[in-house]
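The numbering used here puts the sequence shown at residues 1209 to 1440.
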Amino acid sequence: MPKKSKKIPTIKNQDLLKQALTHRSYVNEHPEEGDNNERLEFLGDAILGFLIGELLYRRYPQINEAKLTRLRSALVDEKQLANFARQIQLGDRLRLGKGTEKDGGRNKDSLLSDTFEALIGAYFLDSGIEAVRNYIELLFVETSDRLASPSSQANSKSLIDSKNRFQQWALQEYGENPEYFLIDEHGPDHAKQFTTGVRVKERIFGVGTDKRKQEAEKRAAEDALKKLGFFA
């Protein structure tokens, strides 16, 4: 049986679709075009977190809470969402400002990931939760099955996130858990950026920035691992 093709979902409201594909750099150059996609990104982020959690809960009854959490984190990671965006050729549809276009914005993980979330937010507003649920299952299941397979867990570190890896190192070297702390928080409510540090025994090992506090902590752990000579 042939696989179903993976493509951008059909969004009947063309204004919603246009907004989902519009980066703030484009609106900066064309203010008459209306809103950028940041509010839709905020909505899509929340919907993805819920539906991916539901999908994993239903699909893998044998997996415990800790592994489900790591699996969800791997699936909504910036790089993974960017990969999904590439599968549906989302980069070709983006509306970017000239500077962002020149800087290679169509292929940047952060921009593709954000736009994918905005697309999910727009699809939800256009067609409802059940349509989004079906679309996510079509797009995510193959990857989630691969990551959840025993061979994947045994032979790779795909489900061992950077925070767990840094915690293991800190306990081995210092006998203490690392402490994450907020350094800075800025931006409007729908597009906040958090900068977080991680320290052990008052020594700061890494700093990370992201739109979610948990992801910022993960980036800080990745930074710490890289500085220590590990690959996060």
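No residue lacks a Cβ here, since even glycine has one placed at the ideal position from N, Cα and C.
Nonlocal neighbours in the same chain, by C-beta distance under 7 Å from Asp1431, ignoring five residues either side: Residue mapping note: residue 1431 aligns to position 223 of the sequence shown, counting from 1. Counting only Cβ-Cβ distances below 7 Å, and skipping sequence neighbours, we find Gly1414, Val1415 and Gly1416.
According to DSSP, residues forming a beta bridge with Val1415: The count along the sequence shown starts at 1 and reaches residue 1415 at position 207. In the DSSP assignment, the residues bridged to Val1415 are Gly1405.
With 16 other Cβ atoms within 10 Å as the buried cut-off, status of Lys1215: Here residue 1215 corresponds to residue number 7 of the sequence shown, with the count starting at 1. Classification of Lys1215: exposed, given that the 10 Å Cβ count is below 16.
Buried versus exposed call for Asn1245 [16 or more other C-beta atoms within 10 Å across all chains shown]: Within the sequence shown, numbered from 1, the residue matching residue 1245 stands at position 37. Asn1245 should be labelled buried.
Three-way DSSP call (helix, strand, coil) for Thr1218 in this model: Taking the sequence shown and counting its residues from 1, one reaches residue 1218 at position 10. Thr1218 falls in the coil class under three-state DSSP.
Strand pairing of Phe1389, partner residues [DSSP]: Position 181 of the sequence shown, counted from the start, is the residue given in the question as residue 1389. Phe1389 pairs with Gly1405.
Secondary structure, alpha helix (DSSP H): runs of 4+ residues fully inside the segment 1284-1334: Along the segment 1284-1334, the alpha helix (DSSP H) occurs as fully enclosed runs of 4 or more residues at 1286-1295 and 1306-1310, listed in sequence order.
Residues that DSSP places opposite His1394 in a beta bridge: Within the sequence shown, the letter at position 186 stands for residue 1394. Per DSSP, Gln1401.
Extent of the continuous alpha helix (DSSP H) to which Asn1236 belongs: As a working mapping, residue 1236 is identified with position 28 in the sequence shown. Run containing Asn1236: Arg1232 to Glu1237, per the alpha helix (DSSP H) assignment.
Asp1353 versus Leu1264 - alpha carbon distance: Locating residue 1353 in the sequence shown gives position 145, where the first residue counts as 1. Locating residue 1264 in the sequence shown gives position 56, where the first residue counts as 1. If you take the alpha carbons of Asp1353 and Leu1264, they lie about 10 Å apart.
Closest residue to Gly1383 among Val1408, Asp1369 and Ser1281 (Cα-Cα distance): As a first step, residue 1383 is located in the sequence shown; it is residue number 175 there, counting from the start. When only C-alpha atoms are compared, the closest one is Val1408.
Alpha helix (DSSP H) segment containing Ala1380, residue limits: Translated into positions along the sequence shown, residue 1380 becomes position 172. Note that residue 1380 is Gln in the sequence shown, not Ala. Element bounds for Gln1380: Ser1370 to Tyr1382.
Proximity of Leu1304 and Arg1314 at Cβ, strictly below 8 Å: Residue numbering aside, residue 1304 sits at position 96 when the sequence shown is read from its first letter. Residue numbering aside, residue 1314 sits at position 106 when the sequence shown is read from its first letter. Yes, these two residues count as a Cβ contact at 8 Å.
Span of the alpha helix (DSSP H) around Tyr1268: Here residue 1268 is taken as the residue at index 60 of the sequence shown, counted from 1. Annotation: Tyr1268 is outside any alpha helix (DSSP H) and is labelled neither H nor E by DSSP.
Range of the contiguous alpha helix (DSSP H) that encloses Phe1438: For this step, residue 1438 is matched to residue 230 along the sequence shown. Run containing Phe1438: none; DSSP gives neither H nor E here.
Alpha-carbon spacing of Glu1273 relative to Phe1374, whole angstroms: Within the sequence shown, the letter at position 65 stands for residue 1273. Within the sequence shown, the letter at position 166 stands for residue 1374. About 20 Å.
Cβ shell of Glu1237 (< 8 Å), same chain only, five flanking positions each side left out: For the purposes of this step, residue 1237 is taken as the residue at position 29 of the sequence shown. Within its own chain, the residues whose Cβ lies closer than 8 Å to the Cβ of Glu1237, once the five positions on either side in sequence are excluded, are Gly1305 and Lys1306, listed in chain order.
Three-state class that DSSP yields for Asn1342 in the structure shown: Along the sequence shown, one-based indexing puts residue 1342 at 134. Here DSSP, grouped into helix, strand and coil, assigns Asn1342 to helix.
Alpha-carbon to alpha-carbon, Leu1302 and Asp1334: Translated into positions along the sequence shown, residue 1334 becomes position 126. Translated into positions along the sequence shown, residue 1302 becomes position 94. Distance between the alpha carbons of Asp1334 and Leu1302 is about 19 Å.
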